[in-house]
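**Student:**
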Amino acid sequence: MILNGKQLNSNGLLSELFRQEYGKMIAVLCRHFGLKHIEIAEDIIGDTFLKASEHWAANGVPENPAAWLYTVARNNAKDHLKRVTLFETKIAGNLKPDEAAPEPGFEFAGEHISDSQLAMIFAVCDPGNSTESQICLALQILCGFKVEEIANAFLTNIETIKKRLQRARTSLRNSHFQIKALSGPDISQRLDRVLKTLYLLFNEGYFSKTNDHLIRNELCAEAIRLTLVLTENPLTGTVQTKALLALMCYQSSRLDARTGNSGEIVLFDEQDPTLWDKDLIEKGNYYFVLACQGNQASKYHIEAGIAYWHTNPAAVNKWPHILQLYNQLILIEYSPVTALNRAFAISKVYGHEKAIMETAKLKLTGNDQYHKLLGFLYETTDPGEAIGHYRKAVQLTRAKAAKRVLEKKIEQLENKNGG
Amino acid sequence: MKEFMFIFRLKDIGDFKPTAEQIQERLNWLAGIAAQNKLVDQGNTLSPFPGSAKTVRPGDVVTDGPYTEIKEFLVGYIIVRTETIDEAVEMAKENPIFKLGGNIEVREVIKRK
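Residue numbers (the numbering used here), protein chains in the order written: chain A, 1291 to 1709; chain B, -4 to 108.
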């Protein structure tokens, strides 16, 4: 019994440490072996965690678990190098190591870790990758997600995820990106891509297709953790990075309030504001103030601004401000989601009739959210039309929980109509 | 899809005093085109202020401003993407410039290769 208790305890701690430390440890080892040999780093770290699970279950959790992991990883890495050197000098003769000579020692400490981790984030965010495989790769290498966990988050099968990862991993191995303290050119070439990847990673959690609350929270938390790493370095902690972090904090503050008991999304107007996380809103405010020093207004600034207004449900003139921000956002970058959100803001400022005209112009007839919005806008003036749009939305929606919410609305309208 | 340039003109420099509401209306109009994914280029504003324009003519003749001889001056342009010129014209009709006594010329863009 005691052993079982201990095992559970060390297992819980281990999976937490795995999330926190895996990416850092891979990054430090890749600094030595080069990205070409990322598999070696993954094997060494995988073996380290295996040893930990065995050793900790038998002997209890060490006083400083992270330091224990670092020591074992360093020893594993040294053993590996010894074997390789032996092979190269004794057996293969004059065969030379193909990378530049590794720096002596494996330092798992302070700046060395944060520099390596930061460089790894930049290495993974290759503009040549497709968005989908990009996020998978980030989850696997930076966050230590297993393939089945990624498949779970994307509601897809393991084979698809493996395929997505394969190409991205090949180009990562073959890239000449060096894991070392980042240089100016690295940053200017890739920071946009890095921010976009973290933004998508966050959205994957926040707007996830899966009903699994845990996975959603975890994806959001990982995106925040990595963005935080960027803000801590003066070169990557730009006003854009801070605006992105502010956006993530504001959105996360509503994570609990926006999920119902059966995993369905609770609409903003129906959320209980007492469930919003005040600490995260405060953090959002803190980073948003920092982001607004300087006169740049990126897409992330605008989205953070919108999210900020949503944290103030009672603010006067909230909706005109939000509409203004959606106007700016759609001029920076077109997306159907932004177009529909903007139309919703129009309904709040100018009324449903004007919003119906603006929405109809969008002609997004294959989009479930388009019909859902039109359904909502027609509800009071033309219930028949509203039902028609809600029916189309049901047909186009894949998420079961969302379908149920729509069907409930249709039923209510039909009852009202009939009675 | 074809591309059309909207060329905005006002009658008199004195007209160029839009109210906050008109500015908002114009932004709503422009964003409304972007929301349909039909805005190709959000264009620029040509400065209406004295000293910001010169016209160069044959024989090294340079005059101040575009407004010495014509009573209308160009204030800006955007480019939109629509199937037909009629659709572009319908879009233009919703612009608030007409409340200022201005007009919009809609011209098809022939793209250079």
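The C-beta atom is built at its ideal place from N, Cα and C for all residues, glycine as well.
Predicted model, so just to flag it, every value in this text is computed and none were measured.
#1: Could you check what DSSP says for A/Asn1294 in three-state terms: helix, strand or coil?
#2: Give me the Cα-Cα distance between A/Ile1425 and A/Leu1490, rounded to the nearest whole angstrom.
#3: Can you list the residues of chain B that A/Tyr1624 reaches, using a CB-CB cut of under 7 Å?
#4: How about B/Phe3 and B/Gly71: do their beta carbons lie closer than 8 Å?
#5: Please work out which residues of its chain come closer than 7 Å, Cβ to Cβ, to A/Pro1605, disregarding the five sequence neighbours upstream and downstream, and give them in chain order.
#6: Please list the terminal residues of the continuous beta strand (DSSP E) segment that includes B/Arg52.
#7: Comparing alpha-carbon positions, which option in A/Asn1631, A/Leu1340, A/Lys1532, A/Val1556 lies nearest A/Lys1586?
#8: With distances taken from CA atoms, which of A/Ala1536, A/Ser1637, A/Ser1588, A/Glu1438 is nearest A/Ala1597?
#9: What's the gap between the Cα of A/Glu1393 and the Cα of A/Ala1363?
#10: If you draw a straight line from the C-alpha of A/Leu1557 to the C-alpha of A/Gly1550, how long is it?
#11: Output needed in chain order: residues of the segment 1649 to 1665 of chain A with a Cβ under 7 Å from some Cβ in chain B.
#12: Helix, strand or coil for A/Phe1444? Go by DSSP, reduced to three states.
#13: Using a Cβ-Cβ cutoff of less than 8 Å, which residues in the same chain neighbour A/Gly1656 once the five nearest sequence positions on both sides are dropped?
#14: Is B/Thr63 helix, strand or coil by DSSP?
#15: According to DSSP, is A/Gly1579 helix, strand or coil?
#16: So, with DSSP's three-state summary, where would you put A/Val1374?
#17: Using a Cβ-Cβ distance cut-off of 8 Å, determine whether B/Gln37 contacts chain A.
#18: Identify the continuous alpha helix (DSSP H) that holds A/Leu1535 and give its terminal residues.
#19: How big is the Cα-Cα spacing for A/His1345 and A/Asn1365?
#20: Answer with buried or exposed for A/Lys1662, where buried requires no fewer than 16 other C-beta atoms within 10 angstroms of its C-beta.
#21: For A/Ile1620, go through chain B and note every residue whose CB falls closer than 8 Å to its CB, in chain order.
#22: Pull up the CB-CB distance for A/Leu1630 and A/Gln1659, whole angstroms please, since I reckon it's below 8 Å.
#23: Considering only the beta carbon of each residue, do A/Val1437 and A/Leu1427 sit closer than 8 Å?
#24: Is there a C-beta anywhere in chain A that falls below 8 Å from the one on B/Thr63?
#25: In chain A, what lies closer than 7 Å to B/Asn23 by C-beta?
#26: For A/Pro1524, does the count of other Cβ atoms within 10 angstroms reach 16, so buried, or fall short, so exposed?
#27: Go through its chain and collect everything with a Cβ distance to A/Asp1388's Cβ below 8 Å, but skip five positions before and after it.
#28: Tell me where the beta strand (DSSP E) around B/Leu34 begins and ends.
#29: Distance check for B/Leu5 and B/Ile18, CA to CA, integer angstroms please.
#30: Short of 7 Å in beta carbon distance, which residues of its chain neighbour B/Phe93, apart from the five on each side in sequence? Order them along the chain.
#31: So B/Asn98 is in the beta strand (DSSP E); what residue range does that whole segment cover?
#32: Counting along the chain, where does the alpha helix (DSSP H) carrying A/Thr1649 start and finish?
#33: So B/Ile28 packs on B/Val101, CB below 8 Å; how close in whole Å?
#34: Name the chain B residues that come within less than 8 Å of A/Arg1632, Cβ to Cβ?
#35: Any Cβ of chain B within less than 8 Å of the Cβ of A/Ala1629?
**Tutor:** So, from the listed chains and residues:
#1: Position 4 of the first sequence, counted from the start, is the residue given in the question as residue 1294 of chain A. Because the pLDDT of A/Asn1294 is 40, which lies under 50, any placement of that residue in the model is unreliable, and the number read from its coordinates should be weighed accordingly. It is helical.
#2: One-based indexing of the first sequence puts residue 1425 of chain A at position 135. One-based indexing of the first sequence puts residue 1490 of chain A at position 200. A/Ile1425 and A/Leu1490: Cα-Cα distance of roughly 7 Å.
#3: Here residue 1624 of chain A is taken as the residue at index 334 of the first sequence, counted from 1. Under the 7 Å cutoff, chain B gives Ala29, Asn32.
#4: Residue 3 of chain B sits at position 8 when you count from the first residue of the second sequence. Residue 71 of chain B sits at position 76 when you count from the first residue of the second sequence. Against a cut-off of 8 Å, the Cβ pair of B/Gly71 and B/Phe3 comes out as a contact.
#5: Taking the first sequence and counting its residues from 1, one reaches residue 1605 of chain A at position 315. Checking the displayed sequence, the identity of residue 1605 of chain A turns out to be Ala instead of Pro. Closer than 7 Å at the Cβ level, and outside the excluded window around A/Ala1605, lie Trp1599.
#6: The count along the second sequence starts at 1 and reaches residue 52 of chain B at position 57. B/Arg52 -> beta strand (DSSP E) spans 49 to 52.
#7: Counting from one through the first sequence, the residue named residue 1586 of chain A turns up at place 296. Per the sequence shown, the amino acid found at residue 1586 of chain A is Gln instead of Lys. The residue with the shortest Cα to Cα distance from A/Gln1586 is A/Lys1532.
#8: The count along the first sequence starts at 1 and reaches residue 1597 of chain A at position 307. The shortest Cα separation from A/Ala1597 among A/Ala1536, A/Ser1637, A/Ser1588, A/Glu1438 belongs to A/Ala1536.
#9: If you number the first sequence from 1, residue 1393 of chain A lands on position 103. If you number the first sequence from 1, residue 1363 of chain A lands on position 73. Because the pLDDT of A/Glu1393 is 48, which lies under 50, any placement of that residue in the model is unreliable, and the question is left without a value.
#10: Working through the first sequence from its first residue, we reach residue 1557 of chain A at position 267. Working through the first sequence from its first residue, we reach residue 1550 of chain A at position 260. Going by the C-alpha atoms only, they are around 10 Å apart.
#11: Lys1651, Leu1652
#12: Locating residue 1444 of chain A in the first sequence gives position 154, counting from the first residue. Three-state result, A/Phe1444: coil.
#13: Numbered from 1 along the first sequence, position 366 holds the residue referred to as residue 1656 of chain A. So the list reads Leu1686, once near-sequence residues are dropped.
#14: Taking the second sequence and counting its residues from 1, the one referred to as residue 63 of chain B is at position 68. Bear in mind that a pLDDT of 49 at B/Thr63, under 50, signals an unreliable position, so the number given afterwards is only what the model happens to contain. Coil, per DSSP.
#15: Within the first sequence, residue 1579 of chain A is the residue found at index 289, counting from 1. Checking the sequence shown, residue 1579 of chain A turns out to be Val, not Gly. In the structure shown, A/Val1579 sits in a helix (DSSP, three-state: H, G or I).
#16: For the purposes of this step, residue 1374 of chain A is taken as the residue at position 84 of the first sequence. Helix, per DSSP.
#17: Walking along the second sequence from the start, residue 37 of chain B turns up at place 42. At least one chain A Cβ lies under 8 Å of B/Gln37.
#18: Counted from its first residue, the first sequence places residue 1535 of chain A at position 245. Taken as a continuous stretch (DSSP letters only), the alpha helix (DSSP H) holding A/Leu1535 covers 1529 to 1542.
#19: Translated into the one-based positions of the first sequence, residue 1345 of chain A becomes position 55. Translated into the one-based positions of the first sequence, residue 1365 of chain A becomes position 75. Cα-Cα distance, rounded: 15 Å.
#20: Stepping through the first sequence from its first residue, residue 1662 of chain A is reached at position 372. Looking at its Cβ environment, which holds 16 or more other Cβ atoms inside 10 Å, A/Lys1662 is buried.
#21: Here residue 1620 of chain A is taken as the residue at index 330 of the first sequence, counted from 1. Those within 8 Å of A/Ile1620 in chain B are Ala26, Ala29, Ala30.
#22: Here residue 1630 of chain A is taken as the residue at index 340 of the first sequence, counted from 1. Here residue 1659 of chain A is taken as the residue at index 369 of the first sequence, counted from 1. Sure, about 5 Å apart at Cβ, within 8 Å.
#23: Reading the first sequence from its first residue, position 147 is the one you call residue 1437 of chain A. Reading the first sequence from its first residue, position 137 is the one you call residue 1427 of chain A. No; because the gap between Cβ atoms is not below 8 Å, this pair is not in contact.
#24: By 1-based counting over the second sequence, the position of residue 63 of chain B is 68. With a pLDDT of 49 at B/Thr63, under the threshold of 50, the predicted position of this residue should be treated as unreliable, and no value is reported.
#25: Working through the second sequence from its first residue, we reach residue 23 of chain B at position 28. Result: Asn1617.
#26: Start at 1 with the first residue of the first sequence, and residue 1524 of chain A comes out as number 234. Exposed, because fewer than 16 other Cβ atoms sit within 10 Å of the Cβ of A/Pro1524.
#27: Locating residue 1388 of chain A in the first sequence gives position 98, counting from the first residue. Since pLDDT at A/Asp1388 reaches only 48, below the 50 mark, its modelled position is unreliable, and the value read off the structure follows with that caveat. Only Lys1326 meet the Cβ criterion.
#28: The count along the second sequence starts at 1 and reaches residue 34 of chain B at position 39. 34 to 40 is the span of the beta strand (DSSP E), which, as asked, contains B/Leu34.
#29: The residue labelled residue 18 of chain B in the question sits at position 23 within the second sequence. The residue labelled residue 5 of chain B in the question sits at position 10 within the second sequence. Looking at the two C-alpha atoms, the distance is approximately 15 Å.
#30: Here residue 93 of chain B refers to the residue found at position 98 of the second sequence. Same-chain partners within the cutoff: there are none.
#31: Reading the second sequence from its first residue, position 103 is the one you call residue 98 of chain B. B/Asn98 -> beta strand (DSSP E) spans 98 to 103.
#32: Indexing the first sequence from 1 puts residue 1649 of chain A at position 359. First-last of the alpha helix (DSSP H) with A/Thr1649: 1642 to 1652.
#33: Against the second sequence, residue 28 of chain B aligns to sequence position 33. Against the second sequence, residue 101 of chain B aligns to sequence position 106. Incorrect: roughly 13 Å between the Cβ atoms, too far for contact.
#34: Taking the first residue of the first sequence as 1, we reach residue 1632 of chain A at position 342. Neighbours of A/Arg1632 on chain B, chain order: Ala26, Ala30.
#35: Translated into positions along the first sequence, residue 1629 of chain A becomes position 339. Yes, A/Ala1629 counts as interfacial toward chain B.
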